[in-house]
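Reading through the structure tokens given below for one structure.
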Amino acid sequence: MAKLHRFPLEDAAEDAINRAQVLFTANPAFGPQSTHFWQAQDRMLEEVEKFSAAWFKRRHDATRSAIELSKHVFTGGIFDPAVAIEALSDWQRKSMERIADDAKDCTEMLSACAECMVSNETDAVEETRKAVKKATSHTGTPV
883 MAKLHRFPLE
893 DAAEDAINRA
903 QVLFTANPAF
913 GPQSTHFWQA
923 QDRMLEEVEK
933 FSAAWFKRRH
943 DATRSAIELS
953 KHVFTGGIFD
963 PAVAIEALSD
973 WQRKSMERIA
983 DDAKDCTEML
993 SACAECMVSN
1003 ETDAVEETRK
1013 AVKKATSHTG
1023 TPV
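So for the sequence shown, this note's numbering puts the first residue at 883; every next one is plus one.
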């Protein structure tokens, strides 16, 4: 059977993959690092989900209050501009409260994510240190 021609780039790619495989399978540091990375991802996703749920609730509240505002203005406010101005002012005040809540919740989410990254990284470094120490410690007497 004829031997297939291989390009130098194929050999280089295969060589790089083989070297990386040896590196990754032999390194005790990757276990704790990987575990903590995914734990941090999970926690940050929970924080973003919590923020998003509250944000969407406020957007729904804003839409519903705008519907009520429209009904109110076009029933009573059409005959009395003071009623319309009062209703619009109330709606704007509540909208500003929602925006302030958005900013507060966003700050809390970002702080929680930053804290998660720092604490997870600290734990990962400590576990990595222990894993490397265990993997590199020898019980024999040096010669």
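Glycine included, C-beta positions come from ideal geometry on N, C-alpha and C.
These figures come from a predicted structure and were not determined experimentally.
Check                                                                                                                                                                         : Outcome
When the distance is taken between beta carbons, is A922 closer than 8 Å to M999?                                                                                             : yes
Leaving aside the five residues before and after D1005 along the sequence, list all residues of the same chain whose C-beta is less than 7 Å from its C-beta, in chain order. : H918
Please list, in chain order, all residues of the same chain as V965 whose beta carbon is under 8 Å from its beta carbon, the five residues on each side excluded.             : H954, V955, G958, G959
Note the first and the last residue of the continuous alpha helix (DSSP H) segment covering A911.                                                                             : No alpha helix (DSSP H) holds A911; DSSP gives it neither H nor E.
Helix, strand or coil, according to DSSP, for S971 in the structure here?                                                                                                     : helix
Would you kindly check if the distance between the Cβ of A1013 and the Cβ of G913 is under 8 Å?                                                                               : yes
Inspect the beta-carbon positions of S977 and A935 and report whether they are closer than 8 Å.                                                                               : no
By alpha-carbon positions, which one of W937, E968, S1019, D924 ends up nearest to K986?                                                                                      : W937
Rounded to the nearest angstrom, how far is the Cβ of D984 from that of R940, given a contact under 8 Å?                                                                      : 7 Å
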